[in-house]
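Have a look at the structure below before the remarks.
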Amino acid sequence: MSRTITITRPDDWHLHVRDGAVLNDVLAHTAAQFGRAIIMPNLKPPVTTVDLAKAYEARIQKALKQLEISHFSPLMTLYLTDNTSADEVKKASENSIIGFKLYPAGATTNSDGGVTNIKKAYSALEAMQRFSVPLLIHGEVTEQAIDIFDREAVFIDRILDPIRKDFPELRIVFEHITTKQAAHYVRDANTNGKNTLAATITAHHLLMNRNSLFTGGIRPHHYCLPVLKREEHRIALVEMATSGNPRFFLGTDSAPHPKGEKESSCGCAGCYTAHNALGLYAEAFDRVGKLDRLEGFASHYGADYYNLPRHTETITLVNQPQAVPFEYPMGKSTLVPLRAGETIGWSIAS
Ligand code: DOR
Ligand code: ZN
345 MSRTITITRP
355 DDWHLHVRDG
365 AVLNDVLAHT
375 AAQFGRAIIM
385 PNLKPPVTTV
395 DLAKAYEARI
405 QKALKQLEIS
415 HFSPLMTLYL
425 TDNTSADEVK
435 KASENSIIGF
445 KLYPAGATTN
455 SDGGVTNIKK
465 AYSALEAMQR
475 FSVPLLIHGE
485 VTEQAIDIFD
495 REAVFIDRIL
505 DPIRKDFPEL
515 RIVFEHITTK
525 QAAHYVRDAN
535 TNGKNTLAAT
545 ITAHHLLMNR
555 NSLFTGGIRP
565 HHYCLPVLKR
575 EEHRIALVEM
585 ATSGNPRFFL
595 GTDSAPHPKG
605 EKESSCGCAG
615 CYTAHNALGL
625 YAEAFDRVGK
635 LDRLEGFASH
645 YGADYYNLPR
655 HTETITLVNQ
665 PQAVPFEYPM
675 GKSTLVPLRA
685 GETIGWSIAS
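Here the numbering used here is used: the first residue of the sequence shown is 345, the next is one more, and so on.
And the structure:
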């Protein structure tokens with residue numbers, strides 16, 4: 345007998361859907377599982393203003409209409425730059441923008457226009473604190489001299505902790521955390537009883553450690569940023585995600601790239617998990633016997649953090665291996681999903 349689990353419809357609190365023809369291909373995957381998703385602003389050019397975000401949202405809504413999807417809502421973000429003004433922050437707060445994304449310049453895909461020195465963003469951070477607009481953080485320092493596996497931990501000491509001291513009321517989400525240091529920092533932070541610090545965790549960081557980058561040869565489809573870490577870090581992430589601590593919630597960071605741009609001499613960072621993200625999370629929770637904690641992590645804590653209502657409908661997952669195709673369409677190209685040609689242990693019951 346297959347096991348099933350029924351949970352409140354979940355949300356994805358960190359997602360890349362890109363733009364143009366790609367939208368239709370990737371949104372269908374996400375909307376088959378989730379009710380809402382926070383849409384990342386690292387387009388080319390980046391989504392730096394409310395007007396650009398509104399136009400992007402309209403393109404997403406158009407794609408949803410073409411796909412005849414009515415239950416899914418995109419939640420829009422703005423890309424923080426050295427020049428983001430307090431006025432733009434105020435406008436964002438009045439226009440349902442869910443948060444500003446901090447990409448340290450050069451940290452990852454399309455981050456060149458990001459923040460070069462955090463002090464340059466301080467007037468925007470002050471306004472975000474004042475208007476209660478969350479700061480969503482890609483937490484890695486960019487100095488090439490710092491080992492890539494240490495960049496998240498160094499970011500905590502050099503950037504995150506000082507920001508929290510300088511802006512104690514600023515609401516922060518430390519996104520796609522990958523280390524024990526980040527997990528414990530968020531768990532142990534004193535927020536004076538306020539809801540000011542949370543973290544998202546991806547399915548791929550719960551399921552893989554850095555050995556997966558090199559199993560039998562180099563594995564470009566397992567390369568993402570922040571890069572996979574040692575097993576002890578994966579274990580710490582699983583502990584946090586399955587702990588029932590509401591500071592930790594689901595954010596897939598599903599990041600589609602054309603196959604040729606991953607399988608290249610300088611391949612792009614990003615794992616595509618939207619095709620069955622929930623199945624991957626269910627696998628990670630099931631492996632440690634904590635499936636009963638999946639609903640809080642996937643469907644409750646993120647909504648609570650962002651002061652949005654939890655969904656009222658439910659979805660059911662079933663423990664039946666689902667075959668993953670080698671490729672999916674991606675506009676004029678194709679993308680290679682995580683577990684291509686293999687199976688995922690759980691999937692949405694049809
Ligand atoms: O692996 C990643 N891919 N990490 C990011 O921070 C960005 C993302 C992307 O946009 O491809
Ligand atoms: Zn991302």
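Cβ coordinates follow ideal geometry from the N, Cα and C atoms, glycine included.
- Set against 6 Å, the gap from the CB of D597 to the closest heavy atom of the ligand ZN is smaller.
- At a threshold of 6 Å, M420 does not count as near the ligand ZN, since its beta carbon sits no closer than that to any of the ligand's heavy atoms.
- Here T350 is bridged, per DSSP, to T660.
- Contact between F444 and T460 does not hold, since the beta-carbon distance rounds to 16 Å and is not under 8 Å.
- By the C-beta density criterion, Y466 is exposed, having fewer than 16 other C-beta atoms within 10 angstroms.
- Excluding residues up to 5 positions away in sequence, A580 lie with their Cβ nearer than 8 Å to the Cβ of H528 in the same chain.
- Taken in chain order, the complete alpha helix (DSSP H) segments of 4 or more residues contained in the segment 354-411 are 365-375 and 394-410.
- When C-beta atoms of the segment 648-667 are compared with those of the segment 600-607, fewer than three pairs fall below 8 Å, so the two segments do not count as touching.
- 7 Å or more divides the Cβ of T392 from the Cβ of T348.
- Cβ contact annotation for F378 (same chain, cutoff 6 Å, sequence separation greater than five): P354, D355 and D356, in chain order.
- At least one heavy atom of the ligand ZN lies closer than 6 Å to the C-beta of M384.
- Relative to the Cα of T658, the nearest Cα in the group P669, A667 and G640 belongs to G640.
- Around the C-beta of A399, fewer than 16 other C-beta atoms lie within 10 Å, and the residue is accordingly described as exposed.
- If one requires a minimum length of 3 residues, the beta strand (DSSP E) runs lying completely within the segment 580-644 are 592-594, in chain order.
- Separation of K435 and M472 (C-alpha to C-alpha, rounded to the nearest whole angstrom) is 11 Å.
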